[in-house]
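Asks: Okay, here's the structure, questions in a sec.
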Amino acid sequence: MARPGWLTRFAVLMAVSEVVLIVAGTRTAYPVLLVWVPAVAGLAAAVTAFRGAAVRTGGDLRAFWRRVAVAMGFVLLAGISQTIDVVTLPWSGMPPIGARTLCLYVAGTVLAITALLRLPGGGRTWRQLLTAVLDVAVVAVTGGIATSQYIGWFMNRFGVSESAWWLNIAMIAIAVAGAVVVVKIMTARRSPIPRASLWWLAPIGLAGPLSTLLMTALRPWPHLNGSAAVLPFVGLFGVLAAHAQHRRLAAGGGSPWIAPPSAGRRGSAVPLVATGLVSLLVAIVFLRTGHLTTVQVAGTTMLLLLVVARQAIALAENNSLLDTVARQAMQDELTGLFSRRYFTAAVASTTGPHTVVLIDLKEFRAINDGLGPAAGDALLTAYAERLTALAGRHAVVARLGGDEFGLLLTAAPDTVDRLLASGAEPLSAAGHELLVEVSIGVTDGDTGDAADSYRRAELALREAMAGAGGRVVRYDATLERQLSRRATVAADLRRGLAAGEFHLLYQPIVNLPDGRLVGVESLVRWGDVSPAGFIPVAEDTGLIVELGAWILDTACAQAAEWRRRHGPDALRSVAVNVSARQLLDPALPEIVAAALARHGLPAQQLTIEITETAVFGGGRALASVTALSELGVNIALDDFGTGHSSLGLLRTCPVDAIKVDKSFVDGLGGSPQQEAIAIALTGIAETMGLRTVAEGVETAEQAQRLYELGYRQAQGFHFARPLPADAIDEMLAAQQNRVAA
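Numbering (my numbering), first residue to last: 1 to 741.
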């Protein structure tokens, strides 16, 4: 099969050659068959291009291109037949053209029209279908008026012979084909054929009328022919239409084109253009003759009535679409609840006492990622039904986006309590029974402050989401002040990070029972601001990523310095805490690898401490942990036993050590029940080959009991508080001296 690019160049060459031959033929005579060579060759190129498009496509596309290839094949046969006619038939006032040739032209045109009409349009309402029918009627009436004028002009030029009538029929059929293409483009809402291909096919409809005009213009030169002049361009436009299909396939655009929202407005061009053309035609005829024919008057009247009807139906369709858009803008598509736009407008327009409740489903992202979007959508729908039932029929219930919902209440003050209580009942979603924790922000408003209620509820929800577990936060003035302070801390945080105001302290991790220093945990400090005061703000603002990168680099540099001064075995590990927000950064493994390489620190001497909650949902966070483990870095689960699904994480997350939370250490020395978890954890860790580090050891009795239970590493104030780097230096030096002695 010929390549599309070569066919396009060949078709352009044939069209240019025909123009050159026609221009040259007005100055000198040459054999009559010469002008037919580019004509027949151009048509053959179009047939080849259509067949190639059929081979490269499938389904409705293949059927269409096969049909137009057959139609163009008949036109090619007609061109060959007409070539024979100009040699064998006598000249009788009009260029020689036989009945066989005209039948072939008509057959090809009818097949082309059939192929176009069989293209699927798709996606229409009854109004859109009726509009399309009226568009066809408008074009038909316009064509009828133009045809009546064309026939009169044609008879004046070529007489009323049988061959002239056949030629008229053929030319009108070709013009109708072009009109069908245009109507199809303007009225179809979707089509498997590229829009560019249809537009390239449309000008072919001008070939018939144009050829008769050229017949008149070229009558002084019997060796020239109007049909021969236009046929290479018929082939060229056909090749360009097929080439547009090839470009769509090469670009990976195998799906149907769908008319954009503005296509309906462009479709109104059909009656407007038709009315304009008829008005121009009638005006020209009247100015030239001083009167109009019955066909012209009746046709113009019918055209105006059709246009009025068409525009009235289009206006009704537009109103229906506007109503649909307005309804969709006010309603959530998934749950059927009101949308954010409606909810905010309802809150702002509320008069009298009211309560605004904003709700966020905690861990929804983890559920959506773990069980799939279908389960996530089912959960949102099920929660929407629960919320509607709890709120009552007088409440405004809305889905505000994602996993956030809103309630506007003017009564039922116990709704929030019932919402929290309902969290103990599982929701059924896609075959799963799920317990859903929620964060709730609440504000109570009175007459006059409705416009501010939504903002206050958002502030309360944000504060609720910042806490651990599901909880309710009610707005009050202190919350506003807290948020203001948080904003101030965020601004100072940026400045302090740029000014290098942060430093690290290191809390020793020791062996039991001898207290030998084996590692340290890096802890960031910033002036006299508590870490609890700036770490959450850094998380909220995203500055934790930049701050965390600085901590990693500084800790690696210090670990490499201790290694240089005291030997490779002086410290087994330097630990750095990595937040949930950092784990979501795809660049984290690269940042860690770069810091290790920059300071020449072996990966096994760095421990990354993460929380269970940070990796509970899997996804990007778990992928980051896996990538860090593959670097050779140690992974430790911090505050173990206080987060989500701890034992399951030991199986799915690449963990090297667990750090037992202080709350379990505090229970040592009490009843067997208080010690049960601490005992169980060390047993599980030993079985799985994991190190255990007990956190928050504050007394010698706790240290002794931990050793008895099998713990071999611990940290806490009993051994040392967080210390500057030079104090750790002194401890390492003293430890080396004791070993040497």
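Every residue gets a Cβ at the ideal spot worked out from N, C-alpha and C, and that includes glycine.
Asp60 by DSSP, collapsed to three states: which one?
Replies: The sequence position of residue 60 within the sequence shown is 60, counting from 1. If DSSP states are grouped into helix, strand and coil, Asp60 belongs with the helices.
Asks: Per DSSP, which one or two residues make a beta bridge with Gln582?
Replies: Within the sequence shown, numbered from 1, the residue matching residue 582 stands at position 582. For Gln582, which the question treats as bridged, DSSP gives no partner whatsoever.
Asks: Below 6 Å CB to CB, which residues in the same chain sit around Arg265 once its five sequence neighbours on both sides are set aside?
Replies: As a position in the sequence shown, residue 265 is number 265, starting the count at 1. At Arg265 the pLDDT is 44, less than 50, meaning the model places this residue with poor confidence; the figure from the coordinates comes in the next sentence. Same-chain partners within the cutoff: there are none.
Asks: According to DSSP, is Gly97 helix, strand or coil?
Replies: By one-based count along the sequence shown, residue 97 stands at place 97. The residue asked about is misnamed: residue 97 is Ile in this sequence, not Gly. Note: Ile97 maps to coil in three-state DSSP.
Asks: Residues bridged to Gln507 by DSSP?
Replies: Here residue 507 refers to the residue found at position 507 when the sequence shown is read from its first residue. In DSSP, Gln507 forms a bridge with Glu521.
Asks: List in chain order: all unbroken alpha helix (DSSP H) runs of 4+ residues lying wholly within the segment 599-653.
Replies: The segment 599-653 contains these whole alpha helix (DSSP H) runs: 612-616, 619-630, 646-652.
Asks: By Cβ distance below 7 Å, which residues in the same chain neighbour Asn511 in space, the five residues on each side in sequence not counted?
Replies: For the purposes of this step, residue 511 is taken as the residue at position 511 of the sequence shown. Answer for Asn511: Val518, Arg712, Gln713, listed in chain order.
Asks: With three or more beta-carbon pairs closer than 8 Å as the criterion, would you say the segment 709-728 touches the segment 526-534?
Replies: Touching, no, given that fewer than three Cβ pairs across the two stretches are closer than 8 Å.
Asks: With a CB to CB cut of under 7 Å and the five nearest residues on each side skipped, what residues in its chain are close to Asp377?
Replies: Residue mapping note: residue 377 aligns to position 377 of the sequence shown, counting from 1. Counting only Cβ-Cβ distances below 7 Å, and skipping sequence neighbours, we find Leu334.
Asks: Quick one: is Asp414 buried, meaning 16 or more other Cβ sit within 10 Å of its Cβ, or exposed?
Replies: As a position in the sequence shown, residue 414 is number 414, starting the count at 1. Asp414 is exposed by the Cβ-count criterion.
Asks: Assign Ile193 to one of three DSSP states: helix, strand, or coil.
Replies: What you label residue 193 is simply residue 193 of the sequence shown in a count that begins at 1. Residue state, collapsed to three classes: coil.
Asks: Is Val436 buried or exposed, if buried means 16 or more other CB atoms sit within 10 Å of its CB?
Replies: The residue you call residue 436 lines up with position 436 of the sequence shown. By the 10 Å Cβ count, Val436 comes out buried.
Asks: Considering only residues of the same chain and omitting the five flanking positions on each side of Leu706, which have a CB-CB separation below 8 Å?
Replies: Here residue 706 is taken as the residue at index 706 of the sequence shown, counted from 1. Correct list, in chain order: Leu512, Val665, Leu668, Ala678, Ala694, Val697, Ala714.
Asks: Between the alpha carbons of Leu504 and Val576, how many angstroms are there, rounded?
Replies: Here residue 504 corresponds to residue number 504 of the sequence shown, with the count starting at 1. Here residue 576 corresponds to residue number 576 of the sequence shown, with the count starting at 1. Looking at the two C-alpha atoms, the distance is approximately 10 Å.
Asks: On the three-state DSSP scale, how would you describe Trp526?
Replies: Your numbering for residue 526 matches position 526 in the sequence shown. Strand, per DSSP.
Asks: Can you tell which of Val23, Val37, Gly42 has its C-alpha closest to the C-alpha of Val12?
Replies: The residue given as residue 12 occupies position 12 in the sequence shown. Checked all of Val23, Val37, Gly42; the closest Cα to Val12 is Gly42.
Asks: Check whether the Cβ of Gly533 sits closer than 7 Å to any heavy atom of the ligand PLP, and report yes or no.
Replies: Among the ligands in the structure shown, none appear at all, so the ligand PLP cannot be discussed.
Asks: Going by the DSSP bridge assignment, what does Ser573 pair with across the sheet?
Replies: Mapped onto the sequence shown, residue 573 falls at position 573. For Ser573, which the question treats as bridged, DSSP gives the partners Gly519.
Asks: Measure the beta-carbon distance from Leu461 to Asp360 and round it to whole angstroms, keeping in mind my assumption that it falls under 8 Å.
Replies: Position 461 of the sequence shown, counted from the start, is the residue given in the question as residue 461. Position 360 of the sequence shown, counted from the start, is the residue given in the question as residue 360. 6 Å between Cβ atoms; contact.
Asks: Starting from His246, trace the alpha helix (DSSP H) in both directions and tell me its first and last residue.
Replies: Reading the sequence shown from its first residue, position 246 is the one you call residue 246. It spans 226-250 - the alpha helix (DSSP H) in which His246 sits, taken as one unbroken run.
Asks: Along the chain, where does the beta strand (DSSP E) that runs through Thr344 open and close?
Replies: Locating residue 344 in the sequence shown gives position 344, counting from the first residue. That residue, Thr344, is in no beta strand (DSSP E); its alpha helix (DSSP H) goes 340-348.
Asks: Enumerate in chain order the residues of its own chain whose CB-to-CB distance from Val230 is below 6 Å, with the five nearest sequence positions on each side excluded.
Replies: Residue mapping note: residue 230 aligns to position 230 of the sequence shown, counting from 1. Correct list, in chain order: Ala207, Leu210, Ser211.
Asks: Cutting at 6 Å between CB atoms, please list the residues of its own chain near Phe717, excluding the five before and the five after it.
Replies: Here residue 717 is taken as the residue at index 717 of the sequence shown, counted from 1. Result list for Phe717: Glu698, in chain order.
Asks: Roughly how far, in whole angstroms, is the beta-carbon of Thr443 from the beta-carbon of Val356, given that I think they are within contact range, below 8 Å?
Replies: Against the sequence shown, residue 443 aligns to sequence position 443. Against the sequence shown, residue 356 aligns to sequence position 356. Indeed they touch by this definition, with Cβ atoms about 5 Å apart.
Asks: With 16 as the cutoff for other CB atoms within 10 Å, does Asp476 come out buried or exposed?
Replies: Within the sequence shown, numbered from 1, the residue matching residue 476 stands at position 476. Exposed is the call here.
Asks: Confirm, please, whether the CB-CB distance from Leu493 to Ala429 is below 8 Å.
Replies: Position 429 of the sequence shown holds residue 429. Position 493 of the sequence shown holds residue 493. No, the pair does not count as a contact, with Cβ atoms beyond the cut-off.
Asks: Would Ala49 and Ala251 qualify as a contact pair, given that the criterion is a beta-carbon distance under 8 Å?
Replies: Mapped onto the sequence shown, residue 49 falls at position 49. Mapped onto the sequence shown, residue 251 falls at position 251. No, the pair does not count as a contact, with Cβ atoms beyond the cut-off.
Asks: Just to check my reading of the structure: Glu463 and Val473 have Cβ atoms closer than 8 Å, yes? What is that Cβ distance to the nearest angstrom?
Replies: Numbered from 1 along the sequence shown, position 463 holds the residue referred to as residue 463. Numbered from 1 along the sequence shown, position 473 holds the residue referred to as residue 473. Indeed they touch by this definition, with Cβ atoms about 5 Å apart.
Asks: How is Gln770 classed by DSSP in three states: helix, strand or coil?
Replies: Past the edges of the chain, shown from 1 to 741, lies residue 770, and the structure says nothing about it.
Asks: So what does DSSP say about Gln713, is it helix, strand or coil?
Replies: Position 713 of the sequence shown holds residue 713. If DSSP states are grouped into helix, strand and coil, Gln713 belongs with the strands.
Asks: Can you tell me the Cα-Cα spacing of Asn225 and Gly238, whole angstroms?
Replies: Numbered from 1 along the sequence shown, position 225 holds the residue referred to as residue 225. Numbered from 1 along the sequence shown, position 238 holds the residue referred to as residue 238. In a straight line, the C-alpha of Asn225 is about 21 Å away from that of Gly238.
Asks: Is it buried or exposed, Ser439, if we count other Cβ atoms within 10 angstroms and call 16 or more buried?
Replies: The residue you call residue 439 lines up with position 439 of the sequence shown. With 16 or more Cβ atoms within 10 Å of its Cβ, Ser439 is classed as buried.
Asks: Would you report the Cα separation of Thr388 and Ser422, rounded to the nearest angstrom?
Replies: Start at 1 with the first residue of the sequence shown, and residue 388 comes out as number 388. Start at 1 with the first residue of the sequence shown, and residue 422 comes out as number 422. C-alpha separation (whole angstroms): 13 Å.
Asks: Determine the contact status of Met14 and Pro31, defining contact as a CB-CB distance below 8 Å.
Replies: The residue given as residue 14 occupies position 14 in the sequence shown. The residue given as residue 31 occupies position 31 in the sequence shown. Contact: no.
Asks: Who does Arg471 pair with in a DSSP beta bridge?
Replies: Locating residue 471 in the sequence shown gives position 471, counting from the first residue. According to DSSP, Arg471 bridges with Ser439.
Asks: With DSSP run on the structure shown, which of helix, strand or coil describes Phe719?
Replies: Position 719 of the sequence shown, counted from the start, is the residue given in the question as residue 719. Phe719: coil per DSSP, three-state reduction.
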